[in-house]
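Before any comments, here is the structure.
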Amino acid sequence: GTFNRNGNDGTISRFGWKAQNKSLQLFSGEAYNVEMGITNEVFPQERPLPGEDQQGSGLPSNCLNLSGTGYPEDTSNPSGGSNAAVLDDVSAFSNFMRFLAPPQPGGVVLNGQPVSTTSIANGQALFRSIGCANCHNPSPGTTQTSNFVPGLSNVPVPAFSDLEIHHMGSGLADNVSQGGAGGDQFRTAPLWGLGQRIFLLHDGRTTNLIIAIRSHASNGSEATTVERNFGALTPSQQQDLLNFLRSL
226 GTFNRNGNDG TISRFGWKAQ NKSLQLFSGE AYNVEMGITN EVFPQERPLP
276 GEDQQGSGLP SNCLNLSGTG YPEDTSNPSG GSNAAVLDDV SAFSNFMRFL
326 APPQPGGVVL NGQPVSTTSI ANGQALFRSI GCANCHNPSP GTTQTSNFVP
376 GLSNVPVPAF SDLEIHHMGS GLADNVSQGG AGGDQFRTAP LWGLGQRIFL
426 LHDGRTTNLI IAIRSHASNG SEATTVERNF GALTPSQQQD LLNFLRSL
């Protein structure tokens, strides 16, 4: 794999399915613009549907921005009074995500019965031995020293990701390029909190862990060998590995 980098200053970017954003602020601004259609100070450009660009300006004909008002739609308001928000939405989104508690690992219940810690420990060992941890690094590093929140200084981050982008092959390709990431490249998805998720993979195409694992193998995928290693495990070993993943 390789790191995606910010096109302006070359710094490593880590946020987004393709690690296309260098900060939560950029990530929030892009999502607000692309997913919700709200222009903001980080991403001020409108995204009209085909046929809406009637003025040759990149904007729909009925867009308020054509008259110079409401542009962008989400802005900060530093002079806001008691009845006005000071922070723009993008900054509020960023702060909300920044202070979320990290996911906590827990026990696993299968068919109404608690899974043994031995099974989970065996699954963790298999996770490493067949190569999953090569990309899904259990602890890629620690947080930096923080004067703002001392309690968050130098804390290990059990994200289970190397935060790099990898070629995942034709089976998972979305043919979208972002930054230095091509159409079949994605950031290694952090696995912490996996046991609390319902939808898996970048497009939420499955709720089945085995299907998600098997989807890692396709033409051009860096993970094909590891997926084959998973397939070579005994059913009992595969279940131990699944139990470990569900404990995260």
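Heads up, the sequence shown is in this note's numbering, so the first residue is 226 and it goes up one at a time.
Where a beta carbon is used, it is the ideal one built from N, C-alpha and C, also for glycine.
If you follow the beta strand (DSSP E) that residue i is in, where does it begin and where does it stop?
i      : result
Gln410 : Gln410 to Arg412
Ile435 : It is not in any beta strand (DSSP E) - Ile435 instead sits in the alpha helix (DSSP H) that spans Leu434 to Arg439.
His391 : Ile390 to His392
Among the options, whose alpha-carbon lies nearest the alpha-carbon of residue i?
i      : options                           : result
Leu434 : Gln464, Gln245, Ile263 and Lys247 : Gln464
Gln329 : Thr227, Phe228 and Gly418         : Gly418
Arg272 : Glu447, Pro297, Phe252 and Ser248 : Pro297
Leu335 : Ile237, Val267, Asn229 and Gly420 : Gly420
Ala326 : Gln338, Val340, Leu312 and Val380 : Val380
Val401 : Lys243, Asn233, Gly376 and Ile438 : Lys243
Asp314 : Gly337, Asn233, Gln349 and Met261 : Met261
Look at residue i and residue j and say whether their C-beta atoms are less than 8 Å apart.
i      : j      : result
Ser344 : Asn246 : no
Ser386 : Pro365 : yes
Val382 : Thr370 : no
Cys360 : Thr413 : yes
Leu351 : Gln270 : no
Leu249 : Val267 : no
Arg230 : Gly404 : yes
Leu416 : Leu470 : yes
Glu389 : Phe228 : yes
Ser238 : Gly331 : no
What does residue i pair with, by DSSP beta-bridge criteria?
i      : result
Gln338 : Leu335
Thr240 : In the sequence on display, residue 240 carries Phe and not Thr. Answer is Asn246, bridged to Phe240.
Ala398 : Beta-bridge pairing links Ala398 to no other residue.
Ile355 : Answer is none; Ile355 lacks a bridge partner.
Pro381 : Thr367
Ile263 : In the DSSP output, where bridge partners are listed per residue, Ile263 has none listed.
Gln403 : Ala406
Arg230 : Ile237
Ser446 : Met393
Between which two residues does the alpha helix (DSSP H) holding residue i run?
i      : result
Gly456 : Thr449 to Gly456
Leu426 : Counting along the chain, Leu426 falls outside any alpha helix (DSSP H), and DSSP gives it neither H nor E.
Ser316 : Asp314 to Arg323
Leu470 : Pro460 to Ser472
*Examine the Cβ distances between the segment 442 to 461 and the segment 385 to 405 and report whether three or more of them are shorter than 8 Å.*
A contact exists between the segment 442 to 461 and the segment 385 to 405.
*Take every Cβ of the segment 418 to 427, pair it with every Cβ of the segment 310 to 318, and state whether three or more of those distances are shorter than 8 Å.*
No, they do not touch.
*Taking three-plus beta-carbon pairs below 8 Å as touching, is the segment 454 to 469 in contact with the segment 351 to 360?*
Output reads yes: the segment 351 to 360 touches the segment 454 to 469.
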